[in-house]
Amino acid sequence: MKGPIDRKLKCMTTLFYTVAKEQFGTKKTRRPKPQQTPNRRQSSMKQIRGELKSLNKAYKKASQDIDSKGEELQTHQPVQNNIFAKRGRQYILRHLSQNTNNLPYHKWVH
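Take the sequence shown: its position 107, counted from the start at 1, is 107 in UniProt numbering, and no numbers get skipped.
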């Protein structure tokens with residue numbers, strides 16, 4: 001082997017590589033195993049869980065909207081509720097005064 005060092009290095013490395021390849025062989029790269037697909041039951045359960053989660057989110061969002069609207073209604077309702085309660089009491093008292101004998105619990109209402 002005569003010549004420059006670069007040529008000698010290249011020749012020796014290829015020589016070593018080919019001898020080792022013939023003697024030991026090359027390591028075969030493994031192909032990755034295909035991912036296991038879930039069976040029909042598992043996939044349907046996953047889909048059902050997803051639907052349940054989305055329904056729960058929608059329910060919570062709707063209940064928050066209803067709560068906020070309910071608070072708005074409650075701020076306006078006490079006046080109306082008192083009026084209706086007062087009218088209801090007046091109605092009961094008016095009818096009790098006319099028919100006191102028919103109602104046995106008239107003592108507790110007054």
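We put the CB at the ideal spot given by N, CA and C, even for glycine.
- Task: To the nearest angstrom, report how far apart V79 and K53 are at their CA atoms.
- Result: By 1-based counting over the sequence shown, the position of residue 79 is 79. By 1-based counting over the sequence shown, the position of residue 53 is 53. Low confidence applies to V79: its pLDDT is 49, below 50, so where it sits in the model is not reliable enough to give any reading.
- When you compare only the Cα positions, how much space is there between A62 and P34? Within the sequence shown, the letter at position 62 stands for residue 62. Within the sequence shown, the letter at position 34 stands for residue 34. One C-alpha to the other measures close to 43 Å.
- Message: Quick check on the DSSP output: the alpha helix (DSSP H) that includes R30 runs from which residue to which?
- Response: Taking the sequence shown and counting its residues from 1, the one referred to as residue 30 is at position 30. No alpha helix (DSSP H) holds R30; DSSP gives it neither H nor E.
- Message: Are the CB atoms of K28 and P38 within a distance shorter than 9 Å?
- Response: Mapped onto the sequence shown, residue 38 falls at position 38. Mapped onto the sequence shown, residue 28 falls at position 28. No.
- DSSP-derived helix/strand/coil call for T13: As a working note, residue 13 is residue 13 in the sequence shown. Residue state, collapsed to three classes: helix.
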